[in-house]
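I have placed the structure first, in the form of structure tokens, so that the comments after it can refer back to it.
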Amino acid sequence: MRASLTILSLAFGAALPLAAQQTSVVGVRPLAFGGLFPGIPRAVLRTDPANSAQFDLKGHPNGSASLTFLLPAVMTGPAGATLPLVFGGNDGGFSASQSIASQVGFDPRTPYLATFASNRASVFLGGTANPSVSQRAGTYTGTVTLTVVFF
Amino acid sequence: MHTATKVAVLALALVAAGAATGQAQNNATMNVTATVFRPITVAADRQLVFGNVFPGQGAQGMALASPSAGHFSIAGEPSASVSMSWVVSPLSQGANTLPLSLSGTYNTIDNPAGSSLGAFASSTAATLSGGALGQLFVYVIGTVTPAANQVPGNYTGTVQLTVIYQ
Numbered sequence: 001m002r003a004s005l006t007i008l009s010l011a012f013g014a015a016l017p018l019a020a021q022q023t024s025v026v027g028v029r030p031l032a033f034g035g036l037f038p039g040i041p042r043a044v045l046r047t048d049p050a051n052s053a054q055f056d057l058k059g060h061p062n063g064s065a066s067l068t069f070l071l072p073a074v075m076t077g078p079a080g081a082t083l084p085l086v087f088g089g090n091d092g093g094f095s096a097s098q099s100i101a102s103q104v105g106f107d108p109r110t111p112y113l114a115t116f117a118s119n120r121a122s123v124f125l126g127g128t129a130n131p132s133v134s135q136r137a138g139t140y141t142g143t144v145t146l147t148v149v150f151f
Numbered sequence: 001m002h003t004a005t006k007v008a009v010l011a012l013a014l015v016a017a018g019a020a021t022g023q024a025q026n027n028a029t030m031n032v033t034a035t036v037f038r039p040i041t042v043a044a045d046r047q048l049v050f051g052n053v054f055p056g057q058g059a060q061g062m063a064l065a066s067p068s069a070g071h072f073s074i075a076g077e078p079s080a081s082v083s084m085s086w087v088v089s090p091l092s093q094g095a096n097t098l099p100l101s102l103s104g105t106y107n108t109i110d111n112p113a114g115s116s117l118g119a120f121a122s123s124t125a126a127t128l129s130g131g132a133l134g135q136l137f138v139y140v141i142g143t144v145t146p147a148a149n150q151v152p153g154n155y156t157g158t159v160q161l162t163v164i165y166q
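The structure is reproduced here in structure tokens:
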């Protein structure tokens, strides 16, 4: 019985898909709109090295991955005030080289199938904040979630 | 089948299932942040009053420090850049108008000895005061020039100031 248990343990180790053992998604930079004036929209480009969001992916060379964003419609601020956000059809960017200067744009509102060149890649995100003319002053926050399925 | 053999078969089956799926899912969350500055408020807190003026006496007006000068108070985000723009309606009484010329100054402290507004109807860039309060004060003066045959009566008009962030 003791031998049998040893065999089982080794078998489970091998049963885990290779992808599950060597993949990861890490958020490395938030999407920061900075200071906004009431009534004046502010767009952050996905190529903005300081303010665009960045996720770093670890996958497999020549592998594929499906990228799916969960995007907030608003940020929430003082006393429950909300600030509208808009994500456009070119606000997502995938870089197989992890270079912000070398991205392939995509629509972050729909799933995107990316292909790795090496085992690392980056995803960038821009967007637009639209404060109203009567927007309550203060700090606003929201959350973006990126789900990546590695193939 | 021997017990050990059964376990090995089960393990092999799991290996096959994993290889067939070959997928892994990961996710990460990221914050989205912004800070909204204070809205701008503009208050017209003193009217521009020419009082009694007389036909044929040339241009008649007041000094910047006069209590008859118009006065606006502006507040917003400290040290923010703003643009002031103006809409001035004719000084009129029915179909009669009284020739009007305006000028003024602006200052981050409530003192008329500030920067000149220049050509009055054009937009003027300014910076709100620093510190805890973002303030700007505007003084408006002018002259009216009644003609020798100016129709007597009360003439009124408006000076509208709009301030926006730049």
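For the record, the sequence lines run as chains A and B.
Under the numbering used here, residue 151 is the last one in the first sequence; the count climbs by one each step, no gaps.
Under the numbering used here, residue 166 is the last one in the second sequence; the count climbs by one each step, no gaps.
Built from N, CA and C at the ideal position, the CB exists for glycine as well.
Classification of residue i by the beta-carbon crowding that lies within 10 angstroms, buried from 16 upward
| i | result |
| --- | --- |
| B:Ile-109 | exposed |
| B:Thr-21 | Interpretation of B:Thr-21 is limited by its pLDDT of 48, a score under 50 that renders its predicted location unreliable; the figure taken from the coordinates is listed afterwards. Exposed: under 16 other Cβ atoms inside 10 Å. |
| B:Val-87 | exposed |
| A:Val-104 | exposed |
| B:Ala-125 | exposed |
| B:Pro-45 | Checking the sequence shown, residue 45 of chain B turns out to be Asp, not Pro. B:Asp-45 is exposed by the Cβ-count criterion. |
| A:Leu-70 | exposed |
| A:Ala-65 | buried |
| B:Leu-102 | buried |
| B:Gly-94 | exposed |
| B:Asn-26 | buried |
| B:Gly-153 | exposed |
| A:Val-97 | Per the sequence shown, the amino acid found at residue 97 of chain A is Ser instead of Val. Classification of A:Ser-97: exposed, given that the 10 Å Cβ count is below 16. |
| A:Asn-51 | buried |
| B:Gln-57 | exposed |
| A:Val-123 | buried |
| A:Gly-127 | buried |
Start and end residues, beta strand (DSSP E) containing residue i
| i | result |
| --- | --- |
| A:Tyr-140 | 138-150 |
| B:Val-151 | Per DSSP, B:Val-151 belongs to no beta strand (DSSP E) and is neither H nor E. |
| B:His-71 | 70-76 |
| A:Arg-120 | 120-125 |
| A:Met-75 | 74-76 |
| B:Gln-93 | 91-93 |
| B:Asp-45 | 41-46 |
| B:Gln-160 | 159-165 |
| B:Gln-135 | 134-144 |
| B:Val-53 | Run containing B:Val-53: none; DSSP gives neither H nor E here. |
| A:Val-218 | With chain A covering 1 to 151 only, the question about residue 218 of chain A has no answer from this structure. |
| A:Gly-92 | 92-95 |
| B:Met-30 | 24-36 |
| B:Met-84 | 81-88 |
| A:Gly-105 | 104-106 |
Contact list for residue i against chain B, beta-carbon separation under 7 Å
| i | result |
| --- | --- |
| A:Val-145 | The residue you asked about is not Val; residue 145 of chain A is Thr in the sequence shown. In chain order: Asn-27 and Thr-29. |
| A:Val-26 | Ala-28 |
| A:Ala-189 | Residue 189 of chain A cannot be examined here, being either before or after the span of chain A that is shown, 1 to 151. |
Neighbouring residues, chain A, relative to residue i (Cβ below 7 Å)
| i | result |
| --- | --- |
| B:Gln-160 | Chain A residues near B:Gln-160: none, gap ~17 Å exceeds 7 Å. |
| B:Val-163 | Going along chain A, no residue has its Cβ under 7 Å from B:Val-163, so there is no contact; the nearest lies around 11 Å. |
Nearest-angstrom Cα separation, counted from residue j out to residue i
| i | j | result |
| --- | --- | --- |
| B:Gly-70 | B:Thr-158 | 11 Å |
| A:Gly-142 | B:Thr-29 | 10 Å |
| A:Gly-40 | A:Gln-22 | Inspection of the sequence shows that residue 40 of chain A is occupied by Ile rather than by Gly. Between A:Ile-40 and A:Gln-22, the C-alpha separation is close to 44 Å. |
| A:Gly-63 | A:Phe-150 | 7 Å |
| B:Gly-23 | A:Thr-115 | Note that residue 23 of chain B corresponds to Gln in the displayed sequence, not to Gly. In a straight line, the C-alpha of B:Gln-23 is about 14 Å away from that of A:Thr-115. |
| A:Pro-61 | B:Ala-80 | 49 Å |
| A:Phe-55 | A:Ile-100 | 11 Å |
| A:Gly-93 | B:Gln-47 | 55 Å |
| B:Ser-83 | B:Thr-35 | 21 Å |
| A:Ala-81 | A:Thr-145 | 22 Å |
| B:Val-151 | B:Leu-100 | 15 Å |
| B:Leu-12 | A:Gly-59 | Confidence at B:Leu-12 is low in this model, with a pLDDT of 35, below 50, so its placement is unreliable and the value that follows should be read with caution. Straight-line Cα distance between these residues: approximately 26 Å. |
| B:Thr-41 | A:Ser-132 | 15 Å |
| A:Phe-33 | A:Ser-134 | 18 Å |
| A:Thr-147 | B:Pro-112 | 60 Å |
Neighbour list for residue i in chain B, Cβ cutoff strictly below 8 Å
| i | result |
| --- | --- |
| A:Gly-23 | The sequence shown places Thr at residue 23 of chain A, not Gly. Those are Ala-24 and Asn-26, listed as they occur along chain B. |
| A:Phe-150 | Gln-23, Ala-24, Gln-25 and Asn-26 |
| A:Pro-61 | The premise fails here: A:Pro-61 is roughly 15 Å from chain B at the closest Cβ pair, so nothing lies under 8 Å. |
| A:Ala-53 | Met-30 and Val-32 |
| A:Pro-30 | Met-30, Asn-31, Val-32 and Thr-33 |
| A:Leu-85 | Val-32 |
| A:Gly-80 | Here the premise fails: no neighbours, minimum Cβ distance about 14 Å. |
Under 9 Å by beta carbon: chain A residues contacting residue i
| i | result |
| --- | --- |
| B:Pro-39 | Phe-37, Pro-38, Gly-39, Val-133, Ser-134, Gln-135, Arg-136 and Ala-137 |
Residue i: contacting residues in chain A (beta-carbon distance under 8 Å)
| i | result |
| --- | --- |
| B:Val-144 | Near B:Val-144 there are no residues of chain A at all, since even the closest Cβ is about 35 Å away, more than 8 Å. |
Within chain B, partners of residue i - CB distance below 9 Å
| i | result |
| --- | --- |
| A:Thr-115 | Result: empty, since nearest Cβ-Cβ is about 15 Å, beyond 9 Å. |
| A:Pro-72 | Val-32 |
| A:Thr-141 | Asn-31, Val-32, Thr-33 and Ala-34 |
| A:Gly-34 | Thr-33, Ala-34 and Thr-35 |
| A:Pro-111 | Within 9 Å Cβ-Cβ: nothing; A:Pro-111 doesn't reach chain B, min ~12 Å. |
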